[in-house]
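Residue numbers (my numbering): 95 to 204. The structure appears right after this line, and notes come after that.
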Ligand code: FES
């Protein structure tokens, strides 16, 4: 189907999972991963206020710019790397087919 893309999620144990997601439902990566059963809390419900949806973008797809809120939250997060993003702030579209993300280690304090 045209509105479906495939993304790869690498879990915290290093296992690779290929999942399909619709791009016409305004879903963000946190919601998609959570819906697929990955252990992502998404405590703040996608408001860029908790960093429990922290993930690393492993492919070179072009993504939306980080907002100040996302940047501020990542400043306070643990295990931050150059390719860190908050999953809840990324809404994949057709151009993100083949996206690869890796879940960041769980922040026990979150
Ligand atoms: S779900 Fe809280 S920052 Fe993404």
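Built from N, CA and C at the ideal position, the CB exists for glycine as well.
Check                                                                                                                                                                          : Outcome
Please report the residue range of the alpha helix (DSSP H) in which residue 124 lies.                                                                                         : 123–129
For residue 185, write down the residues that DSSP places opposite it in a beta bridge.                                                                                        : Partner(s): none; residue 185 has no beta bridge.
The alpha helix (DSSP H) that contains residue 164, what's its start and end?                                                                                                  : 162–170
On the CB-based measure, 16 or more other CB atoms within 10 Å of its CB, does residue 145 come out buried or exposed?                                                         : buried
Grouping DSSP H, G and I as helix and E and B as strand, with all else coil, what is residue 155?                                                                              : coil
Here's the rule: buried if 16 or more other CB atoms are within 10 angstroms of the residue's CB, otherwise exposed. What is residue 98?                                       : exposed
Can you list, in chain order, the residues of its chain with a C-beta nearer than 7 Å to that of residue 175? Leave out the 5 residues immediately preceding and following it. : 150
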